[in-house]
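Numbers 135 to 860, taken from the numbering used here, label the letters of the sequence shown in order. Built from N, CA and C at the ideal position, the CB exists for glycine as well. In this text the structure is predicted, and so the values were computed from the model without any measurement.
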Amino acid sequence: MSELPAPEVPSLDDPSLYINRELSWLEFNARVLEEAKNDQVPLFERFKFLSIFGSNLDEFFMVRVAGLQAQRSQEIDEPPPDGRTPDEQLEIISTRAHELMAERDLIWTTMVKPALAEAGRALVELSTLSPDEQARIDKHFVRNIYPVLTPIAIDPVHPFPHVRNKAINLGVLFEGDEQSGPRTGLVQVPTSLPRLLEVRAQGFERAFVTLESLIQRHVQSLFPRMKVEGHFAFRVTRNFDIEIDDDEGEDLLLTMQAELRRRERGEAVRLTLTNNVPRSAVRWLCRQLKLDAKRDVYLVEPPLHLGDLGALVDGEAPKQFRDEPFSPQYVPPLRDSEDIFATIRDGDLLLHHPYESFEAVVDFLIRAAEDPQVLAIKQTLYRSGGESPLVRALQRAAELGKQVTALVELKARFDEESNIQWARALERSGVNVMYGLVGLKLHAKVLMVVRQEKNGLQRYVHLATGNYNQQTAKLYEDLSIFTTREDIAEDATALFNLLTGYSAPEGWKQLLVAPLGLKEAVLGLIERESRNAAAGKPARIVAKMNALVDPDVVAGLYAASRAGVQIDLLIRGICCLRPGVPWVSENIRVHAVIDGFLEHARVFYFENAGEPEVFCASADWMPRNFERRVEVMFPILDPRLKKRIITEILETMRSDDTKGWLLEPAGRYRRVRPAGADGKPTVRSQYRFMELARERAREHSGPVSKRKMEGPVAVLRVKKKKKRRG
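Quick look at the structure:
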């Protein structure tokens, strides 16, 4: 009897083993859309997921699709690991994005919109309002909207105008021919006015009409000499990425300001229209915008873009319409401390945001700014947001004569203008403002305070996976630590010296830094697990991140799987690794969690033959993080904190059978099956983390210190209350 032939083992550079990055991102957004579809999610949260889906897709087209179109036009042919050309990628993106937009329409029109109306929140047609209410809203148009509008008739004297990125516009069609006058017109819907107008409508607690529908109702009055034949709404998405050559221009800040002005006129990459538009109008717009009528055009149910319609779900409402409210808990050791510096000296402190409040970080910096024993403060700033108490604390410290250095990343995408504003404000206050290294984006999150104490200078270091941004810290899941460990403090000092003085250290004691060896270190850690598995030693990898793209790391994980390493990847977004492939990735599972908070922490656990090592990082496993950014991966050295991350955070997320998903070999995701005996889910990781934060706060509910916030400190803590976006 002849033996069966040995199976053919795929080569690890086989393109079929790599999921296309763009398709993987679209699958992430599909999971967001599924939350809008899920009737177990509170109604108002479902609407918010619909809004998030649209905003995510905007950014995807403005950056990723724009980049592919640029590659195609410049005839750049550098295929990704999956081997697809830019043209092939644009085609598959268009196919999948059209499918998702059709799904979005279905969810909105047949599920969420009717459910909102049943709950008393309605988006209504003007024609359905009572005569008195129509008269009132018409009067409002004449008084408050008409004077703001600029009707544009398009002809050889008035060519097609620049259409702003993401702004809603009305296309207007006139009767007649070219000899009798213009055939088309345009009205830009003002972004300076609210998108929703509240009206009185019978049967609804709150009802609204869109601004564009009111303008459409009166469009004839805007073109009194022409006969309006039809009108439609459209929205253009443009290339909004920025490319800065740090070597050109003496002032990066001025160069960035000029580039921001240029970006406003980026090339169009997508055209979205309401589905009542004539085909001739679509062809006309595509000619004006240089777009492909089949690939780049999306016809949708009105209204265009739900992201501006948050008023629909604002205000008081029955509790069943929203997620369970949660107040971040102030981590007890810092909450109860009269001397925050002594508390940090006592041992490393781990914070799991947003469950444990970011206010602890804010208060630490405010205390440092006011403390007369503090000599210097150094901090990296990537996305700190407007009206930041962290920025005000740095200003205050400089005003008090402390040596303050802020490493500001001006190129943080979509936050460039905000970063420029507070970089100038910091400079005016006497802060030393630096802009990182030429050719690299500064993405590391590091804060160091140098304090004069009785035994000499003491350095306090804060390291984080997420930005120093008080607003996003309420919505993003991240980890951070406070430490006074001398070896970490020396590395932090060396990092700041590298960023300000180009003085690279000979080596690092504890931190792993990109682009100075982080990728090689990660590959080495993966390879060590492979060797341990081959030697029969305990071997396991659990890695949590936003994205896994780097082909060398993917190949390393495949090799580890072949060696017998059990691998669990917790990846919120893009994953180019294909799990479950025979002879390649049978030992790899890819999990994803989509819930109310954005999973953002990067955490890595390596079994190391029974001596586990745990790291947190600012970096995902992507080429840009390893090669084109300054990133930091830092070890968790305290055994208590290490155990907490492994057993409490990583294992809880891996066990999530309520909001968890699993990636299948074909590249699509399926929901995790509930593990309960009765078919009900047993673990919802984010709710479990809320419970744990509350439990810790209760267990340490001793007398809270009465911290006096007087004078300048009180000013630093003042926050402007802003209306929450829908």
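Please report the residue range of the beta strand (DSSP E) in which Gly-714 lies. It is not in any beta strand (DSSP E) - Gly-714 carries neither H nor E in the DSSP assignment.
Given 8 Å, three or more beta-carbon pairs between the segment 773 to 784 and the segment 753 to 764: no
Looking at Gln-507 and Arg-585, is the spacing between their C-beta atoms short of 9 Å? Taking 9 Å as the Cβ cut-off, Arg-585 and Gln-507 qualify as a contacting pair.
Between the Cα of Leu-151 and the Cα atoms of Val-817, Pro-713 and His-232, which residue gives the shortest distance? Pro-713
Three CB pairs or more closer than 8 Å across the segment 400 to 409 and the segment 361 to 375: yes
Provide the residue(s) that pair with Gly-319 in DSSP beta bridges, ordered along the chain. Ala-287 and Val-306
Leaving aside the five residues before and after Gly-810 along the sequence, list all residues of the same chain whose C-beta is less than 6 Å from its C-beta, in chain order. Here the set comprises Thr-816.
Limits of the unbroken alpha helix (DSSP H) element including Gly-658: Its alpha helix (DSSP H) spans residues 652 to 668.
Apply the 10 Å Cβ neighbour rule to Ser-461 and answer buried if 16 or more other Cβ atoms are within range, or exposed otherwise. By the neighbour-count rule (16 or more Cβ atoms within 10 Å), Ser-461 is not buried but exposed.
By Cβ distance, which residues of its chain are closer than 8 Å to Leu-609, with the 5 residues on each side in sequence left out? Pro-488, Phe-731 and Leu-732
Let me know if Ala-638 comes out buried or exposed under the rule of 16 or more other beta-carbons within 10 Å of its beta-carbon. exposed
Throw me the rounded Cβ distance for the Met-582 and Phe-616 pair, which I believe falls under 8 Å. Phe-616 and Met-582 do not touch by the CB rule: their CB atoms are close to 11 Å apart, not below 8 Å.
Note down, in chain order, each residue of its chain lying with its Cβ closer than 6 Å to the Cβ of Ala-249, except the 5 sequence neighbours on either side. Leu-177
What three-state label does DSSP hand Pro-769 in the structure shown? Strand at Pro-769.
Is it true that the CB of Leu-646 sits closer than 9 Å to the CB of Ala-735? No, they are not a contact pair.
Could you please give the first and the last residue of the uninterrupted beta strand (DSSP E) stretch that includes Phe-366? From DSSP, the beta strand (DSSP E) with Phe-366 extends over 362 to 372.
With a 10 Å radius around its C-beta and 16 neighbouring C-beta atoms as the bar for buried, classify Tyr-280 as buried or exposed. exposed
Where are the alpha helix (DSSP H) runs, 4 residues long or more, that stay fully inside the segment 411 to 482, in chain order? 413 to 423, 466 to 469 and 474 to 479
Rounded C-alpha distance that separates Cys-709 from Ile-153: 7 Å
Given a threshold of 16 other Cβ atoms within 10 Å of its Cβ, counted over all protein chains shown, does Leu-240 qualify as buried or as exposed? exposed
Distance, Cα to Cα, Thr-262 vs Leu-304? Approximately 22 Å, taken between the alpha carbons.
Can you list, in chain order, the residues of its chain with a C-beta nearer than 6 Å to that of Pro-436? Leave out the 5 residues immediately preceding and following it. Thr-408
Round the Cβ separation of Leu-515 and Leu-534 to the nearest angstrom and send it over; I've been treating them as touching at under 8 Å. In this structure Leu-515 does not touch Leu-534 by the C-beta definition: roughly 19 Å separates them, more than the 8 Å allowed.
Between which two residues does the beta strand (DSSP E) containing Thr-594 stretch? The question names Thr, but residue 594 in the sequence shown is Tyr. Unbroken beta strand (DSSP E) run through Tyr-594: 590 to 598.
Just to confirm, is the Cβ distance from Glu-237 to Ile-728 under 9 Å? no
So is Pro-295 buried or exposed if we call it buried at 16+ other beta carbons inside 10 Å? exposed
In three-state DSSP terms, what is Ala-616? What sits at residue 616 in the sequence shown is Phe, not Ala. Phe-616 sits in a strand when the DSSP states are folded into three classes.
I'd like to know whether the C-beta atoms of Arg-805 and Trp-795 end up nearer to each other than 9 Å. yes
Which full runs of the alpha helix (DSSP H) of 4+ residues lie inside the segment 483 to 559, going along the chain? Runs of the alpha helix (DSSP H) inside the segment 483 to 559: 493 to 504 and 523 to 533.
Three-way DSSP call (helix, strand, coil) for Thr-408 in this model: strand
Would you mind working out which of Asn-680, Glu-661 and Leu-509 sits nearest Val-699, comparing C-alpha positions? Glu-661
If you drop the 5 nearest sequence neighbours on each side, which residues of the same chain put their C-beta closer than 7 Å to that of Val-496? Around Val-496: Pro-523, Leu-524 and Gln-604.
Under a Cβ-count criterion, where at least 16 other Cβ atoms within 10 Å of its own Cβ denotes burial, should Ile-227 be classed as buried or exposed? buried
According to DSSP, simplified to helix, strand and coil, what is His-725? DSSP places His-725 in strand when its eight states are reduced to three.
Looking at Glu-458: is its Cβ nearer than 9 Å to the Cβ of Tyr-739? Against a cut-off of 9 Å, the Cβ pair of Tyr-739 and Glu-458 comes out as no contact.
Apart from the five residues on each side of it in sequence, which residues of its chain come closer than 6 Å, Cβ to Cβ, to Leu-433? The answer, listed in chain order, is Leu-407 and Asn-409.
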